[in-house]
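Chemist: Shown below is the structure under consideration.
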Ligand code: ATP
Ligand code: MG
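In the working numbering, the protein residues as written are 241 to 805.
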């Protein structure tokens, strides 16, 4: 590509709301332009990169035996009512009406539509297993679209759905997809990790997320240093402490503690560490308030809490009024001692192992010291309700957990019969009997991958593309072409030779000053840069620099071709 005939539009200034590197760099490189919140136009440069990702995804899906289809982005309400998700999906679902007042939604995902397709197409077990996929635009009305295309409202997703007669067959395809995903992210040159993920309301144990490792990632992941255990922190189990709870040694005492409300206040006031403090959080249960007790140095895991029978899927903290009404005490002084019997006390495994702890006094401006379970405070149930922290033992019994951050770029899931049952998608088995099919679903955020790669690979000057994602592998830059027809001719001949060898090359023939030209090529992250100059021509060499190298070197044309393979 001759750059003079392309539309490259790098910019100097980016809006202050571009918080993370990939968002800033995509804007600066002119890969995307914002149309409205969470809606972006992909420029020719951005699109070249996204198409590269798409091609790798498509190749590996095809290789893994999945079959490509293309479903509409507009989906009828009736199908979503069959699955029960028209209401349940919530505000992320963009609902629209046509001229006849018929209701539709813009696809946030396609389980309903693909299950409808499958129930019409598939009649016999002999057609199974089958795995249909598409690469298609999705829309989710995210509460907080941000970080550019990383969390957009409209984005490009590869979504695949497999259909099976048996659980074994589903597990087999799931494994095939796991391997295909690993190949995709390896081929794209990304550092990633497959982690166990929460399966939400559907249950079961088979769900993995593929996380690109980056400090700016929105997801926390826990991984062991003694095994290959890795899980999203939402899912990672916090084991009960191995030692039994010590016997009480202290007498319980009520202490006046005006203005001592937070765990930090308690630590400062009593001169203790947070692991001696018990914190009690009152949340709205399905049936009145519920107390959750944790050690002062631990935090509630909302996903685990959402699974408690007493709580809705998404728990909400009780308001100050509710707390006052139920306990007569202001928030900050709540504790399990003397809490009304109507409030279940659910105690985290680690908190349940405490003895002689400090907790709220259940009366304004007071705390207890020397409090003990059973003797002073009742436990309704002991549960795992906290987030794991670095240093916790790995739940598989091997090693210690570390916490890192990741960007979810893929998600695979054994759905089981959920959608096929709701939509009555059946096939005849070998006995001629109708069987509800089992399903798996497998998503990849194609557009998010572009941002995730930049998040992982950039420097001061700009993007450092892994070669498989780069818009072009090689940039040919010319110094002063106008003053020297020979230099220009040499650059053109080099460019043509590279193209003839099937190497994707961009020739910067815009006639910019060297500084501006180099800055652009670095910003847009071209892996290999070759400079053609009068001086080099005289010496019979080119100046070569790899994007991730500190220095350039003089090499011959043949050496360049050899290097590029
Ligand atoms: P997240 O937790 O990030 O919201 P999700 O669990 O809702 O993701 P899935 O429903 O599993 O995502 O969708 C499949 C893939 O689509 C995700 O792994 C992610 O890569 C991508 N994706 C989801 N939401 C967005 C978004 N708002 N913008 C860009 N990509 C997205
Ligand atoms: Mg989401």
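Don't be surprised by glycine CBs; every beta carbon is placed ideally from N, CA and C.
These numbers come from a predicted model, not from an experiment.
Pull up the CB-CB distance for residue 889 and residue 367, whole angstroms please, since I reckon it's below 8 Å.
Modeler: Since the first and last residues shown for the chain are 241 and 805, residue 889 lies out of range.
Chemist: In terms of residues, what are the limits of the alpha helix (DSSP H) holding residue 459?
Modeler: Not the alpha helix (DSSP H): residue 459 falls in the beta strand (DSSP E), residues 459-464.
Chemist: For residue 652 and residue 450, what's the separation of their Cα atoms in angstroms?
Modeler: C-alpha separation (whole angstroms): 8 Å.
Chemist: Using alpha carbons as the reference points, say which of 790, 791, 371, 781 lies closest to residue 801.
Modeler: Taking only the C-alpha atoms, the option nearest residue 801 is 781.
Chemist: For the putative contact between residue 583 and residue 566, defined by C-beta atoms under 8 Å, what is the C-beta separation to the nearest angstrom?
Modeler: Sure, about 7 Å apart at Cβ, within 8 Å.
Chemist: Is it the case that the segment 553-563 contacts the segment 605-612, given that we only count it when at least three CB pairs across the two stretches are under 8 Å?
Modeler: No contact exists between the segment 605-612 and the segment 553-563.
Chemist: Does the Cβ of residue 809 lie closer than 7 Å to at least one heavy atom of ligand 1?
Modeler: The structure shown does not extend to residue 809, since the chain is modelled only from 241 through 805, so no value can be given for it.
Chemist: Hey, how far is the Cα of residue 329 from the Cα of residue 654?
Modeler: The straight-line gap from Cα to Cα measures roughly 19 Å.
Chemist: Check whether the Cβ atoms of residue 274 and residue 686 lie closer than 8 Å to each other.
Modeler: No; because the gap between Cβ atoms is not below 8 Å, this pair is not in contact.
Chemist: Counting only runs of 4+ residues fully inside the segment 465-552, write out the alpha helix (DSSP H) ranges in chain order.
Modeler: Fully enclosed alpha helix (DSSP H) runs of 4 or longer: 503-510, 542-546.
Chemist: Quick check: residue 625 and residue 592, are their CB atoms within less than 8 Å of each other?
Modeler: Taking 8 Å as the Cβ cut-off, residue 625 and residue 592 do not qualify as a contacting pair.
Chemist: Going by the DSSP bridge assignment, what does residue 419 pair with across the sheet?
Modeler: Beta-bridge pairing links residue 419 to no other residue.
Chemist: Residue 659 lies in the alpha helix (DSSP H); which residues open and close that run?
Modeler: Residues 658-662.
Chemist: With a CB to CB cut of under 7 Å and the five nearest residues on each side skipped, what residues in its chain are close to residue 516?
Modeler: The residues are 597, 598.
Chemist: Residues bridged to residue 313 by DSSP?
Modeler: Answer is none; residue 313 lacks a bridge partner.
Chemist: If you measure between the beta carbons of residue 776 and residue 794, is that distance less than 8 Å?
Modeler: Going by C-beta atoms, residue 776 is nearer than 8 Å to residue 794.
Chemist: Would you please state the rounded distance, in angstroms, between the beta carbons of residue 483 and residue 590? I believe it to be under 8 Å.
Modeler: Contact flag wrong, Cβ pair sits at about 11 Å.
Chemist: Beta carbon of residue 501, beta carbon of residue 546: below 8 Å?
Modeler: Taking 8 Å as the Cβ cut-off, residue 501 and residue 546 do not qualify as a contacting pair.
Chemist: Could you compute how far the alpha carbon of residue 425 sits from the alpha carbon of residue 259?
Modeler: For residue 425 and residue 259, the distance between alpha carbons rounds to 25 Å.
Chemist: Residue 285 and residue 767 look like a contact to me (Cβ under 8 Å); what is the Cβ gap, rounded to whole Å?
Modeler: Actually they are not in contact, since the Cβ atoms of residue 285 and residue 767 sit about 15 Å apart, beyond 8 Å.
Chemist: Can residue 640 be considered in contact with ligand 1, in the sense that its beta carbon sits closer than 7 Å to one or more heavy atoms?
Modeler: Checking the Cβ of residue 640 against ligand 1 gives no.
Chemist: Based on Cα-Cα distance, which residue from 785, 602, 696, 480 lies nearest to residue 635?
Modeler: Of 785, 602, 696, 480, the residue nearest in Cα terms is 480.
Chemist: In chain order, what residues of the same chain lie with their CB nearer than 7 Å to the CB of residue 494, ignoring the 5 residues before and after it?
Modeler: Cβ within range, chain order: 601, 606, 608.
Chemist: Residue 253: which of 243, 688, 264 sits nearest, CA to CA?
Modeler: The residue with the shortest Cα to Cα distance from residue 253 is 264.
Chemist: How big is the Cα-Cα spacing for residue 487 and residue 432?
Modeler: Going by the C-alpha atoms only, they are around 46 Å apart.
Chemist: Going residue by residue through the segment 325-367, where are the continuous alpha helix (DSSP H) segments of at least 4 residues, counting only ones entirely within it?
Modeler: Runs found: 325-328, 351-361.
Chemist: Does residue 353 pass the burial test, meaning 16 or more other C-beta atoms within 10 Å, or should it be called exposed?
Modeler: It counts as buried.
Chemist: Closer than 7 Å to a non-hydrogen atom of ligand 1 - does that hold for the CB of residue 397?
Modeler: Because some heavy atom of ligand 1 lies under 7 Å away, the Cβ of residue 397 counts as near it: yes.
Chemist: Should residue 687 be listed as close to ligand 3, given that the test is whether its C-beta is under 7 Å from any heavy atom?
Modeler: Absence of ligand 3 is noted for the structure shown, with ligand 1 and ligand 2 being the only ligands found.
Chemist: Return yes when the Cβ of residue 249 is within less than 8 Å of the Cβ of residue 283, no when it is not.
Modeler: Against a cut-off of 8 Å, the Cβ pair of residue 249 and residue 283 comes out as a contact.
Chemist: Nearest-angstrom Cα distance between residue 695 and residue 371?
Modeler: Their backbone Cα atoms lie some 32 Å apart in a straight line.
Chemist: Might you give, ordered along the chain, the residues of its own chain that have their beta carbon closer than 6 Å to the beta carbon of residue 747, omitting 5 neighbours on each side?
Modeler: These residues qualify, in order along the chain: 242, 716, 735.
Chemist: Is it buried or exposed for residue 251, if we count other Cβ within 10 angstroms and need 16 for buried?
Modeler: Exposed, since its Cβ has fewer than 16 Cβ neighbours within 10 Å.
Chemist: List the DSSP bridge partners of residue 795.
Modeler: DSSP output for residue 795 lists 782 as bridge partner(s).
Chemist: Taking the alpha-carbon positions, what's the residue 666 to residue 369 distance?
Modeler: Approximately 13 Å between the Cα atoms of the pair.
Chemist: Throw me the rounded Cβ distance for the residue 380 and residue 332 pair, which I believe falls under 8 Å.
Modeler: With 8 Å as the limit, residue 380 and residue 332 qualify as a contact, their Cβ atoms being about 4 Å apart.
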